[in-house]
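Counting the sequence shown from 1 gives a position; the working numbering is that position plus 326.
We put the beta carbon where it would ideally sit given N, CA and C, even for glycine.
Remember, predicted model here, so these are calculated numbers, not experimental data.
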Amino acid sequence: MERSSLTSPAVVLGLLRQAGPLTRAELLERTGMARSTLVEKVEVLRRHRLIRDAEVRRGTGGRPATALAFDGTGRHLLVVDLGATHVTLALADLHLRLLAVRRERLDTFAGPDVVLPAVAVAARALLEDAAAAGLRRRPLLGLGVGFPGPVAPDRATLEEQTMMRDWDGADISGALRREFGVDVLVENDANAMAFGEHVAALAHGASRYESLLVVKVSTGIGAGLIVDGTLHRGASGGAGEIGHVRLDGEDRPCTCGARGCLGAVASGRALLAALRVRGARRLSDVVGQIGAGDPAALGAVRTAGAKIGAALANAVTMVDPDAVLLGGEVGRLPAFVAAVRGPLFELVSARTARRLRLDRTMLADDSAITGLAGLVVDARLAPDSVHAMLDSTG
Ligand SMILES: [Zn+2]
Numbered sequence: 327m328e329r330s331s332l333t334s335p336a337v338v339l340g341l342l343r344q345a346g347p348l349t350r351a352e353l354l355e356r357t358g359m360a361r362s363t364l365v366e367k368v369e370v371l372r373r374h375r376l377i378r379d380a381e382v383r384r385g386t387g388g389r390p391a392t393a394l395a396f397d398g399t400g401r402h403l404l405v406v407d408l409g410a411t412h413v414t415l416a417l418a419d420l421h422l423r424l425l426a427v428r429r430e431r432l433d434t435f436a437g438p439d440v441v442l443p444a445v446a447v448a449a450r451a452l453l454e455d456a457a458a459a460g461l462r463r464r465p466l467l468g469l470g471v472g473f474p475g476p477v478a479p480d481r482a483t484l485e486e487q488t489m490m491r492d493w494d495g496a497d498i499s500g501a502l503r504r505e506f507g508v509d510v511l512v513e514n515d516a517n518a519m520a521f522g523e524h525v526a527a528l529a530h531g532a533s534r535y536e537s538l539l540v541v542k543v544s545t546g547i548g549a550g551l552i553v554d555g556t557l558h559r560g561a562s563g564g565a566g567e568i569g570h571v572r573l574d575g576e577d578r579p580c581t582c583g584a585r586g587c588l589g590a591v592a593s594g595r596a597l598l599a600a601l602r603v604r605g606a607r608r609l610s611d612v613v614g615q616i617g618a619g620d621p622a623a624l625g626a627v628r629t630a631g632a633k634i635g636a637a638l639a640n641a642v643t644m645v646d647p648d649a650v651l652l653g654g655e656v657g658r659l660p661a662f663v664a665a666v667r668g669p670l671f672e673l674v675s676a677r678t679a680r681r682l683r684l685d686r687t688m689l690a691d692d693s694a695i696t697g698l699a700g701l702v703v704d705a706r707l708a709p710d711s712v713h714a715m716l717d718s719t720g
């Protein structure tokens, strides 16, 4: 059990992340380490730019004491959120502050052989933009990628895809690891969004958002679930794949090969198909028509929102979350939120309806990239990973 031993540098780092600046005496007391061992561990963490000196005042009066603190600014993270038609890239620090963000149009349907090299080029451009803006380059701690489809439990490769068949089994992690030389974590985009919203709620002191259902409605439909503060991925990584729940009395063919899926009748893709006769060519055209109050577009959105509200009712009653948050280009539209509200509150149990909140996501376009940054920090600074990282690079 060397890894979880109280002499590991990961223990020192964990204490500093959770308990804020601590003096050396406090660290010795909490870990039971010998003084020479602590000095050694502190030196390793400092070399890896994970801790810094700080001052603390204990009690009233007296001079500040020298302490050590977690340093969230000495390393950077790269995060990439792949959508169906665009990609968002960000450089973040370990406090999850987004230091630089870049959005580009990208046809993700073109498959990994085209898209992953394009992502690498865009990521290098982001790093150059950040440097040109005067941001000091820091070593990367890790890279996170959000994907709009099922991710394998290894969080490195993809499962069989329902929307983008060319990505079946793609090894996203391997391809980008070769490019950037750091560990790559892959997460479903709606899961990343849910984690980002959870982190944002915690940062605002909203501890009541411990259980959250976040539904992304964009080209497709997906959901992410936080239960008691933990992202729930399910037994096969398929939790939240509500786009392929089959609806009674619907028969439209879906991209997955089945008929009558929720995604076939209520997603951005379905809205675009319905509004094509009115000149909509892209999802942004649909959003524009709704914003302009076009009656046909509003009617289509009301129908889609109502179907999603009804489809969510059982899941919401089952999980009894603090809130249901709607995100994505379509999901965040006020007309869409209003359309979901009626059937959802009508069909959930009366007990759940009394305290349930339904709202738009708080972070707008930044939910998924913030969530990815948080997931990478948690994975890379987990005790086992810290141990391995410090061992392998001295
Ligand atoms: Zn389907």
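If you follow the alpha helix (DSSP H) that residue i is in, where does it begin and where does it stop?
| i | result |
| --- | --- |
| residue 558 | Counting along the chain, residue 558 falls outside any alpha helix (DSSP H), and DSSP gives it neither H nor E. |
| residue 671 | 660-673 |
| residue 680 | 676-681 |
| residue 372 | 361-373 |
| residue 706 | 693-706 |
| residue 592 | 588-592 |
| residue 615 | 609-617 |
| residue 712 | 709-718 |
At what residues does the beta strand (DSSP E) containing residue i begin and finish?
| i | result |
| --- | --- |
| residue 381 | 377-382 |
| residue 653 | 649-653 |
| residue 630 | Run containing residue 630: none in the beta strand (DSSP E); it sits in the alpha helix (DSSP H), 621-645. |
| residue 472 | 466-473 |
| residue 538 | 538-543 |
| residue 511 | 510-514 |
Would you kindly check if the distance between the Cβ of residue j and the Cβ of residue i is under 7 Å?
| i | j | result |
| --- | --- | --- |
| residue 594 | residue 609 | yes |
| residue 530 | residue 464 | no |
| residue 741 | residue 601 | As displayed, the chain neither begins before 327 nor continues past 720, which places residue 741 out of reach and without an answer. |
| residue 490 | residue 475 | yes |
| residue 569 | residue 546 | yes |
| residue 657 | residue 543 | yes |
| residue 606 | residue 627 | no |
| residue 540 | residue 470 | no |
| residue 506 | residue 701 | no |
| residue 481 | residue 511 | yes |
| residue 426 | residue 449 | no |
| residue 634 | residue 666 | yes |
| residue 494 | residue 487 | yes |
| residue 566 | residue 548 | yes |
| residue 466 | residue 508 | yes |
| residue 518 | residue 563 | no |
Suppose you measure from the CA of residue i to the CA of residue j; what does that come to, to the nearest Å?
| i | j | result |
| --- | --- | --- |
| residue 650 | residue 516 | 13 Å |
| residue 689 | residue 526 | 8 Å |
| residue 598 | residue 686 | 21 Å |
| residue 694 | residue 365 | 38 Å |
| residue 385 | residue 346 | 16 Å |
| residue 639 | residue 372 | 50 Å |
| residue 699 | residue 537 | 20 Å |
| residue 328 | residue 378 | With a pLDDT of 40 at residue 328, under the threshold of 50, the modelled position of that residue is not reliable, and no figure is offered here. |
| residue 576 | residue 484 | 29 Å |
| residue 418 | residue 603 | 42 Å |
| residue 336 | residue 712 | 6 Å |
| residue 654 | residue 691 | 8 Å |
| residue 645 | residue 524 | 16 Å |
| residue 680 | residue 554 | 20 Å |
| residue 420 | residue 703 | 6 Å |
What I want to know is whether the C-beta of residue i ends up closer than 6 Å to one or more non-hydrogen atoms of ligand 3.
| i | result |
| --- | --- |
| residue 699 | Ligand 3 is not among the ligands present in this structure, which contains only ligand 1. |
According to DSSP, is residue i part of a helix, a strand, or is it coil?
| i | result |
| --- | --- |
| residue 523 | helix |
| residue 392 | strand |
| residue 550 | strand |
| residue 349 | strand |
| residue 402 | strand |
| residue 578 | coil |
| residue 497 | coil |
| residue 439 | helix |
| residue 329 | Residue placement at residue 329 is poorly supported in this model, since its pLDDT is 39, which falls under 50; the coordinates are not used for a value here. |
| residue 397 | coil |
| residue 573 | coil |
When DSSP builds the beta bridges, which residues end up paired with residue i?
| i | result |
| --- | --- |
| residue 414 | 407, 429 |
| residue 684 | 650 |
| residue 477 | 484 |
| residue 585 | 579 |
| residue 419 | 402 |
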